[in-house]
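Below is one structure, written out as structure tokens; the observations come after it.
Residue numbers (our numbering), protein chains in the order written: chain A, 1 to 235; chain B, 236 to 498.
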């Protein structure tokens with residue numbers, strides 16, 4: 001079920017990557033494709049990490065952090081989703097890949113959605129920091145912004161760390177629950193994964209095509225052309 | 236006097252300091268001051284150098300802790316210009332209002348351009364190319380890190396370039412920074428990336444359709460593009476709550492498959 005050290009390491013990486021969401025760098029380490037891949041390598045099943053990260057990346061491509069809009073927590077979502085799918089896969093003796101990936105995706109999306117609330121909470125805590133700075137300035141006290149920013153970064157790390165820890169803690173219970181139902185592992189869930197991937201591509205279509213008829217025609221034309229080419233190569 | 240003024244000019248090290256601190260612009264983001272804590276954090280060491288003070292004085296604090304929000308990458312232009320104006324203010328003792336006006340007037344156009352280019356086009360496009368590489372790596376059963384690496388390399392080649400260029404160009408332009416904006420060409424870049432994104436989406440759609448029909452069933456040839464195009468065209472209804480929709484689809488599919496309706 002994953003050692004405590006492995007889980008702790010995943011949570012530390014989760015906290016570190018969560019900083020990239022808003023608090024620091026924003027070099028896209030927090031995107032699901034990247035965090036999912038990192039989690040996959042850490043767990044020892046990189047392909048599961050890449051696959052779950054990829055589907056979440058497609059689904060969340062349209063989530064744009066404009067203004068104060070909170071986003072799904074991609075880091076906690078992808079790390080916990082990859083952990084859940086990998087743990088199920090290892091415990092089932094690698095018998096049902098589609099089932100484990102599907103559960104990992106559902107878990108990852110749900111945790112990502114719940115994580116949005118923690119982002120709002122983090123911003124509210126930072127508001128207190130801001131008010132404290134303003135109060136001290138109005139009183140004429142010395143303000144060291146480095147300290148305030150360090151506290152804000154620590155809050156961002158703690159949010160990512162504890163969200164991953166809580167998510168994995170909850171999912172551990174589900175691992176035990178699912179393991180009791182052997183029949184669930186014997187079915188092929190590929191059609192559901194196909195639908196989720198197609199929804200993800202749909203998000204990309206809405207992002208890049210939108211309401212432009214020219215781009216829509218271009219997209220359909222390119223797709224048909226690519227299909228013809230791939231079929232030619234196949235022969 | 237002249238020597239003193241020369242000493243106050245920002246060195247390369249000062250500009251590097253501004254660039255490196257700009258990565259923490261959004262630390263402390265909150266609903267009251269938005270990016271203001273981060274902005275003050277970026278500019279503070281520079282003010283300290285100009286004024287030889289270890290803490291913020293009330294006047295500087297009022298200037299740099301007022302409400303501020305813009306695109307985190309393109310804010311580097313404002314940071315550079317603000318540094319230059321602060322330098323001029325330290326020399327002449329006037330110009331505090333100009334700094335505030337510049338910050339508030341530039342934040343909106345730079346946010347509009349930057350959000351459209353970096354968030355709405357470059358990030359999804361980098362993710363899309365990364366996903367294509369990831370799919371190929373999964374098919375080849377090796378180089379699993381290729382997708383993530385390609386994503387990071389593509390996005391950050393623009394991101395890091397504009398972060399650094401923004402501070403340097405902003406500092407050079409100072410109060411004339413507004414004249415630089417029409418030359419930034421982000422609208423054209425967004426348009427180009429948008430078209431490249433549409434073509435790459437078509438490639439991904441075709442590749443996944445081909446992959447699914449090969450590995451699963453022939454029905455996927457119709458099913459996959461239908462769901463993708465359908466949900467893409469119903470963008471208003473679907474994509475505001477795509478996570479909830481996807482969880483619903485996943486859970487419903489799980490129940491139906493487990494109960495034997497599919498499969």
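Glycine is no exception: its CB is placed at the ideal position from the N, C-alpha and C atoms.
Bear in mind that the values here come from a model prediction, so they are computed numbers and not experimental data.
Take residue 399 of chain B, set aside five residues on each side of it, and the residues of its chain with a beta-carbon closer than 7 Å to its own are 254, in chain order. Below the 9 Å Cβ cutoff, chain A contributes 28, 31, 61 and 64 as neighbours of residue 358 of chain B, in chain order. Just so you know, the alpha carbons of residue 61 of chain A and residue 285 of chain B end up roughly 43 Å apart.
Put simply, of B:245, B:297, B:411 and B:396 the residue whose alpha carbon is nearest the alpha carbon of residue 318 of chain B is B:245. DSSP, reduced to helix, strand and coil, places residue 303 of chain B within a strand of the structure shown. Minimum Cα-Cα distance from residue 93 of chain A among the listed residues A:64, A:182 and A:200 corresponds to A:182. In terms of beta-carbon proximity, residue 480 of chain B lines the interface with chain A, with at least one pair separated by less than 8 Å. For residue 415 of chain B, there are no neighbours in chain A by C-beta distance under 8 Å, as the nearest C-beta there is about 23 Å away. Closer than 8 Å to the CB of residue 249 of chain B there is not a single CB belonging to chain A. Taking 8 Å as the cut-off, the Cβ atoms of residue 218 of chain A and residue 433 of chain B count as close. By the 16-neighbour rule on beta-carbons within 10 angstroms, residue 460 of chain B is buried. 8 Å or more divides the Cβ of residue 29 of chain A from the Cβ of residue 10 of chain A. For residue 424 of chain B, the closest C-alpha among the options B:303, B:278, B:325 and B:352 is that of B:352. With at least 16 other beta carbons inside 10 angstroms of its own, residue 20 of chain A counts as buried. Only 134, 137, 138, 140, 141, 142, 143, 144, 145 and 146 from the stretch 134-146 of chain A bring a Cβ to less than 9 Å from some Cβ of chain B. If you draw a 10 Å sphere on the C-beta of residue 52 of chain A, you find 16 or more other C-beta atoms in it, and that means buried.
A contact between stretches requires three or more CB pairs, one per stretch, nearer than 8 Å, and the stretch 158-174 of chain A meets this requirement with the stretch 62-81 of chain A. For residue 48 of chain A, the enclosing alpha helix (DSSP H) begins and ends at 46-59.
Chain-ordered listing is empty here: chain B has no CB closer than 7 Å to the CB of residue 158 of chain A, the nearest sitting near 14 Å. In chain order, 152 place their CB closer than 6 Å to the CB of residue 126 of chain A, counting only its own chain and leaving out the 5 sequence neighbours on each side. The beta carbon of residue 478 of chain B sits closer than 6 Å to no other beta carbon from its chain once the five residues preceding and following it are set aside. Taking 8 Å as the cut-off, the beta carbon of residue 364 of chain B is found no closer than this to the beta carbon of residue 384 of chain B. For residue 394 of chain B, the closest C-alpha among the options B:307, B:321 and B:373 is that of B:307. For residue 33 of chain A, same chain residues with a beta-carbon under 7 Å away, outside a window of 5 residues either side, are 53, 54 and 57 in chain order.
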